[in-house]
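Residue numbers (my numbering), protein chains in the order written: chain A, 42 to 187; chain B, 3 to 412; chain C, 95 to 220.
Positions of the beta carbon are idealized from the N, C-alpha and C atoms, including for glycine.
These numbers come from a predicted model, not from an experiment.
Worksheet for the structure shown next.
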Amino acid sequence: MNLPRLAASALGAVLLGGCVPASPDADTYDDKAALTLGSAVSEARTVERVLDTLYDGRMLRPAAVTQLRYSEDALDTATGAFTELNPPPSRDRLNRRTTTLLGDAGDLLAQARIAIERERVGDYTTIADDLARLAERMEKLEGRTR
Amino acid sequence: MKKLFAVALGILTAVGGFVDIGDLVTNATVGSRFGMSLAWVVVAGVIGIVVFAEMSGRVVAVSGRPTFDIVRERLGPRVGLANLFGSMAVTLLTYTAEIGGVALALELATSVWSYFWIPFTAAAIWIVLWRAKFDLVENTFGLLGLALVVFSVALWHLGPDWGDLWHTASTAAKPAAEPWPSYWYYAIALFGAAMTPYEVFFFSSGGVEEGWSEKSVPVMRSNVFIGFPLGGLLSLSIAGAAAVTLLPAGIEVETLSQVSLPVALALGKVGLAVAILGFFAATFGAACETGLSVGYSIAQYFGWQWGKFVRPRDAARFHAVLLLSTVTAAVVLLTTIDPILVTEFSVVFSAVALPLTYLPILIVANDPAYMGAHKNGWLANTFGSIYLVIVLAASLAAVPLMIWTKLGTT
Amino acid sequence: MSDRIDAYYELMDRQILDHDGRMVGKVDDVELEERDDGRLYVTALLSGPGALGPRFGGALGTIVTSTWSRLSGRTEPARVEWSAVASVETVIRLAVGRTTVALDGFETWMRDRVIAAIPGSKVDPG
Chain A
42 MNLPRLAASA
52 LGAVLLGGCV
62 PASPDADTYD
72 DKAALTLGSA
82 VSEARTVERV
92 LDTLYDGRML
102 RPAAVTQLRY
112 SEDALDTATG
122 AFTELNPPPS
132 RDRLNRRTTT
142 LLGDAGDLLA
152 QARIAIERER
162 VGDYTTIADD
172 LARLAERMEK
182 LEGRTR
Chain B
3 MKKLFAVALG
13 ILTAVGGFVD
23 IGDLVTNATV
33 GSRFGMSLAW
43 VVVAGVIGIV
53 VFAEMSGRVV
63 AVSGRPTFDI
73 VRERLGPRVG
83 LANLFGSMAV
93 TLLTYTAEIG
103 GVALALELAT
113 SVWSYFWIPF
123 TAAAIWIVLW
133 RAKFDLVENT
143 FGLLGLALVV
153 FSVALWHLGP
163 DWGDLWHTAS
173 TAAKPAAEPW
183 PSYWYYAIAL
193 FGAAMTPYEV
203 FFFSSGGVEE
213 GWSEKSVPVM
223 RSNVFIGFPL
233 GGLLSLSIAG
243 AAAVTLLPAG
253 IEVETLSQVS
263 LPVALALGKV
273 GLAVAILGFF
283 AATFGAACET
293 GLSVGYSIAQ
303 YFGWQWGKFV
313 RPRDAARFHA
323 VLLLSTVTAA
333 VVLLTTIDPI
343 LVTEFSVVFS
353 AVALPLTYLP
363 ILIVANDPAY
373 MGAHKNGWLA
383 NTFGSIYLVI
393 VLAASLAAVP
403 LMIWTKLGTT
Chain C
95 MSDRIDAYYE
105 LMDRQILDHD
115 GRMVGKVDDV
125 ELEERDDGRL
135 YVTALLSGPG
145 ALGPRFGGAL
155 GTIVTSTWSR
165 LSGRTEPARV
175 EWSAVASVET
185 VIRLAVGRTT
195 VALDGFETWM
205 RDRVIAAIPG
215 SKVDPG
């Protein structure tokens, strides 16, 4: 096997390794769902902490705004990658539940962003509590799916 | 008294200058996902860098020749060129990551997009490389980098269960949720972050910039033996703070602001501000070091005049390389690639490049023609040889693990 | 300086410094001459891509040499007469200044065309 071909196949292996087929089997789908939920939990709890520390006067606004931007973006990307997958028939319920939770998370992060932007300090703890509860539910589903 | 001041300054600068963007990101990520179960890697990495920095410092102090200068003589022009290529590519990648890190720190401080800061950061760094005095740069950013001690303070303030932390660290108790391939991938990444190749080029070339001689060896050793391990403690503090506050919450560090979150939780606004200052100083200082290292390695291979100890017009090719590297790094970052992703690549490829860097040092440090009576004793050679094996193993495993775990995401 | 010299071990790839201690280039190759007594004498040090290219060999060497040749307009690599060498240590010290040996066409070009244009290029570092 000559060098150019070897390089091309190595590259192919790398690229394909990063791809999940659009219609994965049940196990792969479960893994993907668990991973996506894990990421969502991470973003939800991060924003929850940001809101709490902002409320307590322990956070700098530019840092909060920056983190919100990244968290929303990351959640968006993860949600998009997940919803693009075709669930296997046995996983329809998982698909619905996960998609709902991810959607709720997206909504809450958007609310957090707006509240911070408008400096509606009164809303911080409410949204933070909502995020805490949502994170718990997502974590439970993640645990059951793993 | 003046001597004592110089020694203290050297140690403090070494501590503050130890942490760069790779250490910041990797230690925080590891703390948030693996707790203290990879602490042993930081210890191993610190010992490794201490062994090789001392060797390369001794080489330049005694022979007046920095490492890359001698690589070609000992390995020949062809192998030397391959070595140059590999080392330079990794250093340029690290330079890019550091500039990105500065932009991220500025973004954190202002909430203005990091991409906006890139041209200004690159220009500022280049101007410093063009005009500022070498030891002024080193001392300023080294001392300002001590702001990162805020992580140790935060960890203390959080009042963690020290026994539990110690237990996790000493038994390397990996959390059940994380798979073993990811564990080993991050072990290599952490190792690469601690033992960055550019550190050795910079340290030995800096010896010429600062005019070291045989008499400088004791001070050099105090910087390395005291300063670097203390710097390692900063790395462990960053990991520890993340382990205590983020791991239980299932928060995985992926941004610089998440790296600083534990400090905000523990110490509030003031602590956070100090942490951001520390981020800026550490990354700006490291950017200067890596930028210069790209120039040092090329100039020293070809025999061109290099250094900030001469006028820029007397080291034209060297400065042209610095300018070109800076522009290249800025252009890469302006493609809106995530600077954190660049950092992750830079630490993994640092691990890949380590054997290239360390083998020549070990060879030269044993050469009586350069070292005379100061050549390696049995202690340095024992450690050096053991580390060469470790470094080779890490280098071979790095890319396969990176692909298998998809940069640690599975 | 000793009479016999191991050109490969003691000269090749060494840094050349001029009499001010400035870095001038590397010993990229050595010019040898066989004399009547059958022995080889070092007559000059060769430096620059013109000398380094051939040592790479293969395709890389050809590319380096031909590119250099085209850009510099020369076919013979830059050389330093052996008589200009003052001492051979871990570096090669010359008895003359770098302007005399004129090894660094590329450096001069870069200095005059690029670096000199940037303000502050003449500022002393001290």
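In whole angstroms, give me the CA-to-CA distance for residue i and residue j.
i: residue 139/C; j: residue 151/B; result: 53 Å
i: residue 158/B; j: residue 219/B; result: 35 Å
i: residue 291/B; j: residue 393/B; result: 22 Å
i: residue 48/B; j: residue 85/A; result: 35 Å
i: residue 95/C; j: residue 181/C; result: For residue 95/C, the predicted structure reports a pLDDT of 49, less than 50, and the residue's modelled location is therefore unreliable. The matter cannot be settled from this model.
i: residue 117/B; j: residue 384/B; result: 46 Å
i: residue 106/B; j: residue 105/A; result: 14 Å
i: residue 16/B; j: residue 161/A; result: 45 Å
i: residue 54/B; j: residue 360/B; result: 7 Å
i: residue 9/B; j: residue 120/B; result: 36 Å
i: residue 185/A; j: residue 412/B; result: 18 Å
i: residue 208/C; j: residue 200/C; result: 11 Å
i: residue 13/B; j: residue 226/B; result: 8 Å
i: residue 172/A; j: residue 146/A; result: 7 Å
i: residue 130/B; j: residue 57/B; result: 29 Å
i: residue 2/B; j: residue 132/C; result: Because chain B here runs from 3 to 412, residue 2/B falls outside it and cannot be looked at.
i: residue 382/B; j: residue 72/B; result: 19 Å
i: residue 365/B; j: residue 379/B; result: 13 Å
i: residue 314/B; j: residue 294/B; result: 13 Å
i: residue 187/B; j: residue 410/B; result: 7 Å
i: residue 345/B; j: residue 333/B; result: 16 Å
i: residue 165/A; j: residue 170/B; result: 35 Å
i: residue 172/B; j: residue 37/B; result: 12 Å
i: residue 150/A; j: residue 165/C; result: 60 Å
i: residue 6/B; j: residue 309/B; result: 28 Å
i: residue 241/B; j: residue 165/B; result: 16 Å
i: residue 329/B; j: residue 184/B; result: 34 Å
i: residue 248/B; j: residue 204/B; result: 35 Å
Secondary structure at residue i, three-state DSSP: helix, strand or coil?
i: residue 137/C; result: strand
i: residue 379/B; result: coil
i: residue 151/C; result: coil
i: residue 42/A; result: Note on residue 42/A: pLDDT 49, under 50, position unreliable in the model; the coordinate value appears next. Of the three classes helix, strand and coil, the one that applies to residue 42/A here is coil, per DSSP.
i: residue 119/C; result: strand
i: residue 179/B; result: coil
i: residue 179/C; result: strand
i: residue 346/B; result: helix
i: residue 67/B; result: coil
i: residue 177/A; result: helix
i: residue 260/B; result: helix
i: residue 190/B; result: helix
i: residue 394/B; result: helix
i: residue 212/B; result: coil
i: residue 40/B; result: coil
i: residue 172/C; result: strand
i: residue 124/C; result: strand
i: residue 95/C; result: Bear in mind that a pLDDT of 49 at residue 95/C, under 50, signals an unreliable position, so the number given afterwards is only what the model happens to contain. In the structure shown, residue 95/C sits in coil (DSSP, three-state: anything other than H, G, I, E or B).
i: residue 240/B; result: helix
i: residue 187/C; result: strand
Give the residues of chain C in contact with residue i, contact being defined as C-beta atoms less than 9 Å apart.
i: residue 340/B; result: Under the 9 Å cutoff, chain C gives no residues; its nearest Cβ is about 32 Å from residue 340/B.
Name the chain B residues whose beta carbon is nearer than 9 Å to that of residue i?
i: residue 172/A; result: The contacting residues do not exist; residue 172/A stays about 11 Å from chain B at best.
Strictly below 7 Å CB to CB, what residues from chain C border residue i?
i: residue 75/B; result: 107 and 108
i: residue 321/B; result: 209
i: residue 71/B; result: 109
Can you list the residues of chain A that residue i reaches, using a CB-CB cut of under 7 Å?
i: residue 111/B; result: 103
Run down chain B in chain order and give the residues with a C-beta less than 7 Å from the C-beta of residue i.
i: residue 218/C; result: 313
List, in order along the chain, the chain B residues whose C-beta lies closer than 8 Å to that of residue i?
i: residue 119/C; result: 304, 305 and 306
Taking 8 Å as the cut-off, does the CB of residue i come closer than this to any heavy atom belonging to the ligand NAP?
i: residue 169/C; result: Here there are no bound small molecules, and the ligand NAP is not part of this structure.
What in chain A is Cβ-close to residue i, meaning under 8 Å?
i: residue 252/B; result: 79, 82, 83, 86, 176 and 180
query: Which residues, in order along the segment 293 to 314 of chain B, keep a beta-carbon less than 9 Å from a beta-carbon of chain C?
result: 301, 302, 303, 304, 305, 306, 307, 308, 309, 310, 311, 312, 313 and 314
message: Please give the ranges of any alpha helix (DSSP H) in the segment 66 to 144 of chain A, keeping only runs that are unbroken, at least 4 residues long and fully inside the region.
response: 67 to 96 and 102 to 124
task: For the segment 97 to 116 of chain A, enumerate the residues whose C-beta is nearer than 9 Å to any C-beta of chain B, in chain order.
output: 97, 98, 99, 100, 101, 102, 103, 104, 105, 106, 107, 108, 110, 111, 112 and 115
- request: May I ask you to list, following chain order, the residues of the segment 147 to 172 of chain A that have a beta carbon less than 7 Å from some beta carbon of chain B?
  value: none
field: Contact residues within the segment 173 to 184 of chain A, judged by C-beta distance below 8 Å to chain B
entry: 176 and 180
- request: Compile a chain-ordered list of the residues in the segment 108 to 135 of chain B whose CB is closer than 7 Å to at least one CB of chain C.
  value: 132, 133 and 135
- request: Could you run through the segment 45 to 70 of chain B and flag, in chain order, every residue whose CB is less than 9 Å away from some CB of chain C?
  value: 65, 66 and 67
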